[in-house]
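**Q** Residue numbers (my numbering): 1198 to 1618.
By construction, the Cβ of each residue, glycine as well, lies at the ideal position given by its N, Cα and C atoms.
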Ligand SMILES: C[S@@+](CC[C@H](N)C(=O)[O-])C[C@H]1O[C@@H](n2cnc3c(N)ncnc32)[C@H](O)[C@@H]1O
């Protein structure tokens, strides 16, 4: 059992000190919360190896590394792997001013022809697409990584390349901010007349400012190895019993399509990555895309999950027994597989701390904390403790249409502590 205070810090309330974000990310949990959990892990075993199988923005890895705990993080979205690795950048080892200068020199020396199929053309004019693409390539060149990023090369990107790419993501997001809608499953392609244009000079100065901001963020002080792997939580690339603790937050069942949310960033990584958009999207748990796989519910998912699926199936609304039933079956099937994998790579006696949020499908309550607890029991993870917090930022703030069904029901963020039997 992990030694944590009786009164836990909320997983979502971020202190003022930590509010300057590396990258705007809806689903992250707070550094204070993770540090509290990891201190508890360290108290029992100061050589513990930590895993986050849904690493997202990399909060767990940054906290583990600063406490001197070895860690690994997995995410199936290459964008989140880049963002997570950028958190591991150590400003004491590399001078980002020299890095920025190398990039500027490269940008002024060359102008690259832009490929016809470059995905950046969906939102930027031709010249600007070409500047953005060149900037991506110069970031890679200046950090001594191959200029063309592929899915295979993501794991080899250095923390320096990743902080440069994260700065590029943030610049592009700022330039395209009015194209982001409140619907997380949808992102607009700009019509030709509205494609953005910006000079090379302005883009570079935006980039330099952003890089400076990221590099100047309070460094956690990295004292232990932390690996980030672009992989799937349903088949983790680790041997059995490799970890002492898992600290993570699985994708919620709230119709957040993480791939759609990061369309622009995937395009920034280049055509070799963007050409896999569909397969990346369908791999992500909680996707609103139909994967095509025929899935039947299993009793091992537990009674709460089975009852919830029955209620979705028999809901009177039109698409409930077709599209929505299928996306929910996909979600629970992937979640169950991932929890079984998490249990496999955790040593006997090891701990798993999972943060989950409940949600509603129409008026039907999806009690994810209870479902995860029942699924975990089926794969050998036994619940020791559960803490509940009122969820402050929920999808219902984003998707107001759903309120017609469920009124003003409050949602809960649960912190679940398991140990491996
Ligand atoms: C709730 S977020 C994790 C947030 C993280 N705790 C943080 O503080 O930033 C869930 C993450 O799971 C990732 N994900 C979804 N499906 C996955 C899969 N099959 N394998 C690995 N990662 C996946 C998403 O890309 C997303 O980054």
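Below 7 angstroms, is the gap between the Cβ of residue 1273 and the nearest heavy atom of ligand 1?
**A** Checking the Cβ of residue 1273 against ligand 1 gives yes.
**Q** Give a single yes or no on whether residue 1207 has its beta carbon closer than 7 angstroms to a heavy atom of ligand 3.
**A** Ligands in the displayed structure: ligand 1; ligand 3 is not one of them.
**Q** As a quick exercise: from 1199, 1390, 1618, pick the residue whose alpha carbon is nearest that of residue 1438.
**A** The option with the nearest alpha carbon to residue 1438 is 1618.
**Q** DSSP three-state label for residue 1314, please.
**A** For residue 1314, the secondary structure class from DSSP, reduced to helix, strand or coil, is coil.
**Q** I need the straight-line Cα distance from residue 1594 to residue 1464, nearest angstrom please.
**A** Residue placement at residue 1594 cannot be trusted, given a pLDDT of 49 that sits under 50; the coordinates are not used to answer.
**Q** Considering only heavy atoms of ligand 1, does any lie closer than 7 angstroms to the CB of residue 1254?
**A** yes
**Q** Would you mind sorting residue 1198 into buried or exposed? The rule is 16 or more other CB atoms within 10 Å of its CB.
**A** With fewer than 16 Cβ atoms within 10 Å of its Cβ, residue 1198 is classed as exposed.
**Q** State the Cα-Cα distance for the pair residue 1610 and residue 1398, rounded to the nearest angstrom.
**A** 45 angstroms
**Q** Can you tell me whether residue 1509 is buried or exposed? The criterion is at least 16 other CB atoms within 10 Å of its CB, across all chains shown.
**A** buried
**Q** Using the C-alpha atoms, what's the distance from residue 1338 back to residue 1203?
**A** 50 angstroms
**Q** Flag this pair as yes or no: are the beta carbons of residue 1282 and residue 1354 separated by less than 8 angstroms?
**A** yes
**Q** Can you check whether the CB of residue 1205 is closer than 8 angstroms to the CB of residue 1584?
**A** yes
**Q** Residue 1337 by DSSP, collapsed to three states: which one?
**A** helix
**Q** Over the uninterrupted beta strand (DSSP E) stretch that includes residue 1612, give me the two end residues.
**A** Element bounds for residue 1612: 1609-1617.
**Q** So what does DSSP say about residue 1441, is it helix, strand or coil?
**A** strand
**Q** Could you please give the first and the last residue of the uninterrupted beta strand (DSSP E) stretch that includes residue 1248?
**A** 1246-1249
**Q** Given residue 1392, which residues of its chain have a CB within under 7 angstroms of its CB, disregarding the five upstream and five downstream residues?
**A** 1320, 1321, 1322
**Q** Quick one: what's got a C-beta closer than 8 angstroms to residue 1264's C-beta in the same chain, skipping five residues either side?
**A** 1232, 1235, 1236, 1239, 1420, 1421
**Q** Helix, strand or coil: how does DSSP classify residue 1252 here?
**A** coil
**Q** If you run the structure through DSSP and keep just helix, strand and coil, what is residue 1298?
**A** helix
**Q** Taking DSSP's pairing of strands, which residues face residue 1267 in a bridge?
**A** 1246
**Q** For ligand 1, any of its heavy atoms closer than 7 angstroms to the Cβ of residue 1320?
**A** Not so, every heavy atom of ligand 1 lies at least 7 angstroms from the Cβ.
**Q** Quick one: what's got a C-beta closer than 6 angstroms to residue 1316's C-beta in the same chain, skipping five residues either side?
**A** 1464, 1471
**Q** Going by DSSP, which residues form a beta bridge with residue 1482?
**A** Partner(s): none; residue 1482 has no beta bridge.
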